[in-house]
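Participant: Take this structure, written in structure tokens, and hold onto it; I'll ask about it next.
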Amino acid sequence: MLRYVTTNDGKVREAREYLDGVSQLDYDYTEVQATELGPIAARGAREAYRHAGEPVLVDDAGLFVEGFDGFPGPYSSYVEETLGVETVGRLVAAEIDEPRRASFRCVMAYCDGAAFAASPDPVDRADRSAAAAAGAERSSEDAASDDGAERTDDAETTEAAADPLPVKLFEGTVRGRIVEPRGDGGFGYDPIFEHDGRTLAEMSPAEKNAISHRGRALEKFAEWYPERSE
Ligand code: ITT
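Here it is as structure tokens:
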């Protein structure tokens with residue numbers, strides 16, 4: 002059975018729309034310090050797989066503010082806990098001129114203990130350009146390739162060399178702007194992240210999933226997974 006590894010119930014609600022009956026594994030894997038989401042998710046998936054002994058999907062997400070060189074990025078969780086979402090919104094408003102562009106990114110890491118056949122890069126062009134614009138991680142191409150020796154991402158190459166348990170990554174990005182908080186849906190940074198005129202907190206779960214970083218990553222995963230699980 003596939004376990005969706007997260008301590009965040011908001012993520013699980015969104016994942017259920019793509020993965021029928023997926024069960025949550027409320028496991029707080031070690032979030033290594035890294036400037037990129039890919040290695041954090043990959044390492045988390047290896048650890049969670051060893052813990053659970055069944056297929057796992059780890060979801061690591063972050064808000065990348067363009068005018069802050071991608072900050073808070075992989076530190077989004079820590080920054081939400083320490084400063085809070087509204088303070089982040091106020092800092093951005095004080096320091097950065099309109100349009101205060103940002104992107105939300107999500108990397109899903111899947112591990113079931115077995116190797117993966119080479120497969121086409123599951124990241125699309127929109128993800129790449131959004132990531133580049135946000136000054137976020139290195140190319141999403143690296144972050145989305147099958148894990149292993151051919152990976153060019155330095156941090157994850159070091160990780161994979163130290164721990165060769167195969168991991169496959171799926172990534173999604175949504176572009177938007179930082180605005181004053183609006184809406185009471187969603188979770189985390191949703192009230193201050195506007196996409197196409199509405200904040201993610203002003204959207205229904207289905208509307209958010211249709212355009213969000215997580216929805217896009219889940220869509221790619223849900224397309225690939227059935228064959229794997231046969
Ligand atoms: P797990 O690591 O246990 O999955 P988490 O909430 O710490 O839970 P992340 O590290 O991936 O998950 O999240 C980084 C931060 O970004 C955290 O503060 C989340 O609340 C926030 N976040 C993640 N996805 C989000 C989304 O879709 N909308 C708004 N905020 C989100």
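In the numbering used here, the protein residues as written are 2 to 231. Backbone N, C-alpha and C fix where the C-beta goes; we use that ideal spot for every residue, glycine too.
Considering only the alpha carbon of each residue, which of ARG44, ARG178, ALA35, LEU58 lies closest to GLU99?
Facilitator: Translated into positions along the sequence shown, residue 99 becomes position 98. For the residues ARG44, ARG178, ALA35, LEU58, the minimum Cα distance to GLU99 belongs to ARG178.
Participant: Return helix, strand or coil for VAL33, following the three-state DSSP convention.
Facilitator: In the sequence shown, residue 33 corresponds to position 32, counting from 1. Reduced to three states, the DSSP call for VAL33 is coil.
Participant: Please confirm whether GLU172 and ARG229 have their CB atoms less than 8 Å apart.
Facilitator: By one-based count along the sequence shown, residue 172 stands at place 171. By one-based count along the sequence shown, residue 229 stands at place 228. Going by C-beta atoms, GLU172 is not nearer than 8 Å to ARG229.
Participant: Secondary structure at ALA247, three-state DSSP: helix, strand or coil?
Facilitator: Lying outside 2 to 231, the shown extent of the chain, residue 247 is not represented and no answer is given.
Participant: By Cβ distance, which residues of its chain are closer than 6 Å to ARG217, with the 5 residues on each side in sequence left out?
Facilitator: If you number the sequence shown from 1, residue 217 lands on position 216. Excluding sequence neighbours, ARG217 sits near GLY173.
Participant: For MET2, is the classification buried or exposed, using 16 other Cβ atoms within 10 angstroms of its Cβ as the cut-off for buried?
Facilitator: Counted from its first residue, the sequence shown places residue 2 at position 1. When all chains shown are included, MET2 counts as exposed.
Participant: At a cut-off of 7 Å, would you count SER78 as near the ligand ITT, judging by its Cβ distance to the nearest heavy atom?
Facilitator: In the sequence shown, counting from the first residue as 1, residue 78 sits at position 77. Checking the Cβ of SER78 against the ligand ITT gives yes.
Participant: Report whether the distance from the Cβ of PHE72 to the nearest heavy atom of the ligand ITT is below 7 Å.
Facilitator: For the purposes of this step, residue 72 is identified with residue 71 of the sequence shown, where counting begins at 1. Checking the Cβ of PHE72 against the ligand ITT gives no.
Participant: Can GLY85 be considered in contact with the ligand ITT, in the sense that its beta carbon sits closer than 7 Å to one or more heavy atoms?
Facilitator: Translated into positions along the sequence shown, residue 85 becomes position 84. Checking the Cβ of GLY85 against the ligand ITT gives no.
Participant: VAL6 and VAL66 - do their beta-carbons sit closer together than 8 Å?
Facilitator: Here residue 66 corresponds to residue number 65 of the sequence shown, with the count starting at 1. Here residue 6 corresponds to residue number 5 of the sequence shown, with the count starting at 1. Cβ atoms of VAL66 and VAL6: not closer than 8 Å.
Participant: Give the straight-line distance between the Cα atoms of GLY198 and VAL80, rounded to the nearest whole angstrom.
Facilitator: The residue you call residue 198 lines up with position 197 of the sequence shown. The residue you call residue 80 lines up with position 79 of the sequence shown. Rounded to the nearest angstrom, the two C-alpha atoms are 25 Å apart.
Participant: Within a Cβ cutoff of 6 Å, which residues of the same chain sit near GLY22, ignoring the five residues on either side of it in sequence?
Facilitator: Looking up residue 22 in the sequence shown gives position 21. Correct list: empty, nothing qualifies.
Participant: Going by Cα to Cα distance, which pick from VAL93, THR31, GLU55, TYR30 is closest to TYR190?
Facilitator: Counting from one through the sequence shown, the residue named residue 190 turns up at place 189. The residue with the shortest Cα to Cα distance from TYR190 is VAL93.
Participant: If you drop the 5 nearest sequence neighbours on each side, which residues of the same chain put their C-beta closer than 7 Å to that of ALA16?
Facilitator: The residue given as residue 16 occupies position 15 in the sequence shown. Around ALA16: TYR5, VAL23, LEU219.
Participant: Spatial neighbours of ALA211 within its chain, please: CB distance less than 8 Å, with the 5 preceding and 5 following residues excluded, ordered by chain position.
Facilitator: Numbered from 1 along the sequence shown, position 210 holds the residue referred to as residue 211. Nothing listed; no residue qualifies.
Participant: Quick check: the Cα distance between ASP125 and GLY184, rounded to an integer number of angstroms?
Facilitator: Residue numbering aside, residue 125 sits at position 124 when the sequence shown is read from its first letter. Residue numbering aside, residue 184 sits at position 183 when the sequence shown is read from its first letter. Residue confidence is low: ASP125 scores 48 on pLDDT, short of 50, so the model does not pin down where it sits. Its coordinate-derived value is still stated next. Cα to Cα, the separation comes out at about 30 Å.
Participant: Going straight from the alpha carbon of PHE69 to that of GLU231, what length do you get?
Facilitator: Start at 1 with the first residue of the sequence shown, and residue 69 comes out as number 68. Start at 1 with the first residue of the sequence shown, and residue 231 comes out as number 230. Going from the Cα of PHE69 to the Cα of GLU231 covers about 44 Å.
Participant: Using only CA atoms, which one of ILE97, TYR30, GLY187, VAL180 lies nearest to ARG47?
Facilitator: Position 46 of the sequence shown, counted from the first residue, corresponds to residue 47. Residue TYR30 is the option with its Cα nearest to ARG47.
Participant: Could you tell me whether any Cβ in chain D is nearer than 8 Å to the Cβ of MET2?
Facilitator: This model lacks chain D altogether; it includes just one protein chain.
Participant: For VAL180 and ALA115, what's the separation of their Cα atoms in angstroms?
Facilitator: Within the sequence shown, the letter at position 179 stands for residue 180. Within the sequence shown, the letter at position 114 stands for residue 115. For VAL180 and ALA115, the distance between alpha carbons rounds to 44 Å.
Participant: Is GLY216 helix, strand or coil when you go by DSSP?
Facilitator: The residue given as residue 216 occupies position 215 in the sequence shown. Three-state result, GLY216: helix.
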